[in-house]
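Q: Just so you know, we're using the numbering used here here: the sequence shown kicks off at 2 and counts up by one.
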Amino acid sequence: MTTPAAPVVRVEHHPQPALGIDEARPRLSWSVAHAPAAYRQAAAEVAWRVTAPDGTEVAAASSVLPTADQVLVPWPGPDLEPRQRAVVRVRTRDVAGAWGPWSAEVVAERGLAAADWRAALVGPGYAEGSREERRAPLLRHEFDVAGEVRHARLHVTAHGLAEVELNGARVGDHELVPGWTPYHDRLRTVTYDVTGLVRAGRNAVGAWLADGWFRGRFGFEGGTWDIYGTHVGLLAQLEVTTAEGTTVVATGGDWRSAPGPLTRASLYDGETFDARLLPAGWSGPGFDDGGWHPVAVHPLDPAVLAAPDGPPVRCTAELAPVTVTRTGPGSYLLDFGQNHSGRLRLRVPEAPAGTVFRARHAEVLQDGALYTRTLREAAATDELVSAGAALTWEPRFTVHGYRYAEITGWPGELRPGDVVSRVLHSDMDRTGWFTSSDPALDRLHENVVWSLRSNFVDIPTDCPQRDERLGWTGDIQAFAPTAASLYDVHGFLADWFRTLASEQRRFGGTAPVYAPWIPGGRFWRPDQDIAGWGDAASLTPLALHERSADRALLERQYAGATAWVDKVAALAGPTRLWDTGLQLGDWLDPTAPPEDPLQARTDPHLVATAYLARSAWAVARTAEVIGRDDDARRYDALAAEVRAAFRARYLTDDPLHDTQTAHALAIAFDLLPDDAARLRAGRRLADLVRAGGGTVGTGFAGTPLVTDALSATGQLDAAYELLLGRTSPSWLAMVDLGATTIWERWDSMLPDGTVNPGEMTSFNHYALGSVADWLHRVVGGLAPAAPGYRRIRVAPRPGGGLTHATVRHRTPYGEAAVAWRVDGDELHVRFTVPVGSEAEVDVPGAAPRVVGHGTHELRAPLLAGVAG
2 MTTPAAPVVR VEHHPQPALG IDEARPRLSW SVAHAPAAYR QAAAEVAWRV TAPDGTEVAA
62 ASSVLPTADQ VLVPWPGPDL EPRQRAVVRV RTRDVAGAWG PWSAEVVAER GLAAADWRAA
122 LVGPGYAEGS REERRAPLLR HEFDVAGEVR HARLHVTAHG LAEVELNGAR VGDHELVPGW
182 TPYHDRLRTV TYDVTGLVRA GRNAVGAWLA DGWFRGRFGF EGGTWDIYGT HVGLLAQLEV
242 TTAEGTTVVA TGGDWRSAPG PLTRASLYDG ETFDARLLPA GWSGPGFDDG GWHPVAVHPL
302 DPAVLAAPDG PPVRCTAELA PVTVTRTGPG SYLLDFGQNH SGRLRLRVPE APAGTVFRAR
362 HAEVLQDGAL YTRTLREAAA TDELVSAGAA LTWEPRFTVH GYRYAEITGW PGELRPGDVV
422 SRVLHSDMDR TGWFTSSDPA LDRLHENVVW SLRSNFVDIP TDCPQRDERL GWTGDIQAFA
482 PTAASLYDVH GFLADWFRTL ASEQRRFGGT APVYAPWIPG GRFWRPDQDI AGWGDAASLT
542 PLALHERSAD RALLERQYAG ATAWVDKVAA LAGPTRLWDT GLQLGDWLDP TAPPEDPLQA
602 RTDPHLVATA YLARSAWAVA RTAEVIGRDD DARRYDALAA EVRAAFRARY LTDDPLHDTQ
662 TAHALAIAFD LLPDDAARLR AGRRLADLVR AGGGTVGTGF AGTPLVTDAL SATGQLDAAY
722 ELLLGRTSPS WLAMVDLGAT TIWERWDSML PDGTVNPGEM TSFNHYALGS VADWLHRVVG
782 GLAPAAPGYR RIRVAPRPGG GLTHATVRHR TPYGEAAVAW RVDGDELHVR FTVPVGSEAE
842 VDVPGAAPRV VGHGTHELRA PLLAGVAG
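Okay, here's the thing in C-alpha cells:
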C-alpha cells in the first residue's frame, strides 16, 4: 500500500443523498479506510459544483484547506441558497505533499425557505363525525406538466400523519411522516426526489392522512384526544422543472377530499382497512372526483417549518415467524422469535367480501396465549376487511411492540410468506458490535440492540407497545452513551434535543420528564423538576459530543443546559442540597414493589444532589468547549459547593446511603474527597455486590454507573460477578427467562414464567441495558479518549472467566476494533486504529504506549483484578 484510500465523505449527520436540508453551510466529514503507516493528513481539497433546479451551474470551484481535521470541517464554498444542489468531493494531501485519490461525489441540497412556500395546509372539507368514528381522509389534485421532466422535488409535511402518492405510486419509503415534534414550534418537512414519478401531460397527486400524534388518542389514563388541534391537514409543494420552465403544484383550496378506507387509524389501537371503500385509481389522473368534497384550509405559520436532523423511520428488516401454531378454525399464533417494533404485512387470499382478517399483538405469552394486560389501554389490533380479491396489505399509520401475533379469520392454511413482520424504527447506521466467549452475554448485548431499535422510533421512547411511548428524559439520559456505542444516533438525538429545548422554553427552564410534553394524567406535570430526568438537558449533549466532537451541538443546547442547572441550583439554595420536592430517585430498583416503583432503597435526595453536582460539572465542561471561560469557572465553583454539601450530608452510616447506587454515584460522579475515599467506596460497593450474591441492586440512576464504579476502583472481579450473575435480579437472569429485549423491571417476568402484576410492566425498555457501554469500553477495551475518537483508548480488562472478546466501532474516522483472547497464561490483543486517529494503549502487564493508525498486536502476561 503506497497511497491512501479515497475518502468517504459525509454531509453533516445526514444520510445520502442529503435532500431538503436546512444548512446553508453544511459541515463535511471524511474517513480514509487505509493508508501507509507514515501517512498523516496535512491538507484537504474540497471541490464543489452548485446547480439550480434547472441544471444551470451556479458555482464550481475547489478550496485547499491546510488542516489535519476531517470531522465536521467547515463548509469552504459559498452559502447554498434554497433549492440549490451541491455535488462535493474531497481528496487529502499528506505531510510529504502527495495528493491521494478523490472521493466519490456526495450531494447536499437545500430545501425551501419559509418565504418559498406557496402551499396552504388543507384537510377534509366535510363533517368527519365524532373522534371515534372519523375515517382517515384522502386528498387529491390533478395537474398538467408541459415538456419532458428534468427535475422534480416534492416537499411534504402534515398535521397528523401523511403518505403521498403520485400517479398511483407511493412516494418514498418514509414512515410516520412528519414524525412527532412540538408542532406549534417546529414542524418537520420531508423532501423527495420524484423526478421519476412525474411525467409530461396530465398527472395526479393524492395523499392519505391520519390522526397520528397531532389529534389521535395519546397518553395516560385513557389518553387525550386533539392534543395539538382538532384537524388534520397536508402541506405539500411539488416543483417540476422542464425545458419550458418550472411548474409549482401546491396544496390549496382547489384540492378535493373524501373519507378513505381506513375506518380506524391509531398509533395505540391499530388500523382497520376496509378494502371495499378504496376508490380504484383515486391517486391517478382521470379519476372522477365529482362526488368528493372541497378541502378546508387551515392557518399555518411557515416559520415553524424545518428540515429534520435525523434519519426517517423506515422498515429496516423483515422477520418471518419461527413458529406458527394453529389454535382454532382460521386462527393462528405466530412467534417471530424477537420482540421488536413494527407491524405485519399480510398476503391475504381471495375471500368473500366483508371477511375480516384480524391481527392482535403482544410481547409475551402466558399459559400459551397472548398476554395483553401489559398493553394497558392500547388495543394493538389491526383489521383488514376484504373486498373479495386477494391482496397484500400492511397498515400505514400505526406501529406496535410485539414478539407474538394472533391471526384470525384466515381461510384455509397459513402458508410460508403469508405473514411477515416489518421492523420499523429510525433508520440509523449501525456503528458498534460486541461478541465474547459467553453466548448469554452476547444475547444480552443483542437484547440491548433490539431495545434501542424498538424505541428509537422518531423520538427516544420508553417502550413501543403500551399506551405510553413517550420521550422520557430519564431513560435517554441513562442510555445515551450506550446508544452512541451501538448506532450513529447523533442526528436522531440532535433533532430530539430541539424538542427538549422547545419544551424548556415553554416551561421556564424545566426539562420535563418527557418531551414532547403532552397531558400526563393525574400524576405528571410539566413543572416537575426531577433529577436524572431533567439532567438530560445538561448531561446528554456532552455525552454525545464525546462520541461526535460536534461543538455546534453544545453551543445550540447550551441555553437549555444552563437554564436547567440554574433552576435546580436555585431550588437547592444556599445549602447546595437538593433535598426538597418529589424525586424519582433510583427509579425501579429491584426492591420496588409492583404497585410503587418509587420505593427504592437509596435516599432520593442523595440521588438528586449527586445529579446537581454532576450537571454543574457538565455545564462547566461544555462552557470550556465552546469558549465561555467565565461560565466554566462559575459552574465549576457551583459543582465544588454541591460536592462539599454532599459529603457533609451523605457520607454517613445511614442505610439509605449505603447502597449500590449511592456508592456508584459517589464514585462515578467524583463526589468523594480523595483517592483513598474512592477506593474505600469501591471496596464497600464490592462487599454489597457479594453480600447480595452477585445480584443487581440498582435502578435507573445506579445501573449505568455501577460496573464502571467497580472497575475504576480496583474491583473488576465484583463487576464481572455482577455482569455475569444468573440469579435474579440480574441481566443474565432476564436472558435465562427468554428475554430478547431489555425489560423495564428486573422482574418484569417472574421466575415461574408469570408476568409481574404491576400496572407498569414492559418487556422492551432500554435503560437497564446501559451496561452495554461498559461492555464496549471495559470488557472489550475500546473507548474514546478525545471527542469524536480523535484519540482512542485501547484498554481491555479480561475477567469473569471470559476467554475472548471483540469490540468494533465505526468512529467518525473509520472503523476501530479491539480483539483479545486468553492464550494460556498470556493475553493476546489485536487492535485497529483508523486513519486520522491514534490510540493510547493500556493493557495490564504491558508498557503503556501511544500508536498511530493501522493494525497492531501485543502479548502480555495475564493478570487478574486489575483496576480500570
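For glycine and all other residues, C-beta sits at the position ideal for the given N, C-alpha and C.
At the level of alpha carbons, what is the spacing between R315 and W209?
A: If you take the alpha carbons of R315 and W209, they lie about 17 Å apart.
Q: Can you give me the Cβ contacts of T326 inside the same chain, cut-off strictly under 6 Å, excluding the 5 residues immediately before and after it?
A: Cβ within range, chain order: L334.
Q: One question on the structure: do A44 and V836 come within less than 8 Å of each other, judged by their Cβ atoms?
A: Cβ atoms of A44 and V836: not closer than 8 Å.
Q: Rounded to the nearest angstrom, what separates Y488 and D145 at their Cα positions?
A: Their Cα atoms are separated by approximately 44 Å.
Q: Relative to the C-alpha of R416, which residue among A321, V400 and L442 is closest?
A: It is A321 whose Cα lies nearest to the Cα of R416.
Q: Would you kindly report the start and end of the unbroken alpha helix (DSSP H) that includes D688?
A: D688 -> alpha helix (DSSP H) spans D676 to A692.
Q: Under 8 Å between the Cβ atoms of V72 and S131?
A: No, the pair does not count as a contact, with Cβ atoms beyond the cut-off.
Q: Starting from T714, trace the alpha helix (DSSP H) in both directions and tell me its first and last residue.
A: Per DSSP, T714 belongs to no alpha helix (DSSP H) and is neither H nor E.
Q: Closer than 6 Å by C-beta to A868: which residues in its own chain qualify, once you throw out the five before and the five after it? Chain order, please.
A: For A868, the predicted model reports a pLDDT of 39, less than 50, meaning its position is unreliable and no value from the coordinates is stated.
Q: What's the C-alpha gap between A502 and A562?
A: When rounded, the distance between both Cα atoms is 9 Å.
Q: Go ahead and pull the three-state DSSP assignment for Q478.
A: Reduced to three states, the DSSP call for Q478 is helix.
Q: Check whether the Cβ atoms of H777 and L783 lie closer than 8 Å to each other.
A: Cβ distance < 8 Å, so H777 and L783 count as in contact.
Q: So for R353, helix, strand or coil by DSSP?
A: Reading off the sequence shown, one finds Pro at residue 353, where the question assumed Arg. If DSSP states are grouped into helix, strand and coil, P353 belongs with coil.
Q: Excluding the 5 residues preceding and the 5 following G230 in the sequence, name in chain order all residues of the same chain whose CB lies nearer than 7 Å to its CB.
A: Contacts found: H160, F215 and R216.
Q: Does DSSP classify A868 as helix, strand or coil?
A: In this predicted model, A868 has a pLDDT of only 39, less than 50, meaning its place in the structure is not dependable enough to derive any value.
Q: Straight-line CA distance for D587 to G695?
A: When rounded, the distance between both Cα atoms is 19 Å.
Q: Distance check for T762 and N456, CA to CA, integer angstroms please.
A: Using only the alpha carbons, I get a separation of about 15 Å.
Q: Need the endpoints of the alpha helix (DSSP H) that I793 sits in, please.
A: Careful: I793 lies outside any alpha helix (DSSP H), inside the beta strand (DSSP E) at R792 to V795.
Q: Are the segment 172–180 and the segment 252–266 in contact at 8 Å, needing three or more beta carbon pairs?
A: At 8 Å Cβ cutoff, the stretches do not touch.
Q: Taking D590 as part of the alpha helix (DSSP H), name the residues at either end of that continuous run.
A: No alpha helix (DSSP H) holds D590; DSSP gives it neither H nor E.
Q: Would DSSP call E395 helix, strand or coil?
A: The answer is coil: DSSP assigns E395 none of H, G, I, E or B.
Q: Could you tell me which of A773, D753 and G726 sits nearest to R743, measuring between CA atoms?
A: Looking at the sequence provided, one finds Ile at residue 743 rather than Arg. Selected option, being the one with the closest Cα: A773.
Q: Taking 7 Å as the cut-off, is the CB of T704 close to at least one heavy atom of the ligand ADP?
A: Inclusion of the ligand ADP in the displayed structure is not the case, the ligand content being empty and no account of it being possible.
Q: Where does E596 land, buried or exposed, given buried means 16+ other C-beta within 10 angstroms?
A: Its Cβ having fewer than 16 others within 10 Å, E596 is exposed.
Q: Cα separation between F498 and A481?
A: Approximately 12 Å, taken between the alpha carbons.
Q: Please report the distance separating the alpha-carbon of R506 from that of G173.
A: Taking the straight line from one Cα to the other gives about 34 Å.
Q: Output the residue ranges of the beta strand (DSSP E) runs that lie fully inside the segment 155–218 and measure 3 residues or longer, sorted by chain position.
A: Here the runs fully enclosed are 162–167, 191–194 and 202–211.
Q: Locate the alpha helix (DSSP H) running through S616, then write down its first and last residues.
A: Start and end: P605 to V626.
Q: DSSP beta-bridge partners for F647?
A: Bridge partners of F647: none, in fact.
Q: For L239, list the residues DSSP reports as bridge partners.
A: Bridge partners of L239: L155 and V250.
Q: Run the CB neighbour count on R602, radius 10 Å, all protein chains shown included, and call it buried at 16 or more, exposed below.
A: So R602 counts as buried.
Q: For Y269, I'd like the list of residues in its chain whose CB is within less than 6 Å of its CB, leaving aside the five on either flank, ordered along the chain.
A: A379 and D468, listed in sequence order.
Q: Whether or not the segment 373–390 and the segment 346–364 are in contact is what I'm after, with contact meaning three or more pairs of Cβ atoms, one per stretch, closer than 8 Å; do they touch?
A: Contact holds: three or more Cβ-Cβ distances are below 8 Å.
Q: Please determine, among R470, L347 and T382, the residue with the shortest C-alpha to C-alpha distance to D419.
A: Nearest C-alpha to D419: L347.
Q: Can you find the residues in the same chain that come closer than 6 Å, C-beta to C-beta, to G866, ignoring five residues on each side of it along the sequence?
A: Reliability fails at G866, whose pLDDT of 47 lies under 50, so the model's placement of it is uncertain and the value that follows must be treated cautiously. Answer for G866: L717 and D718, listed in chain order.
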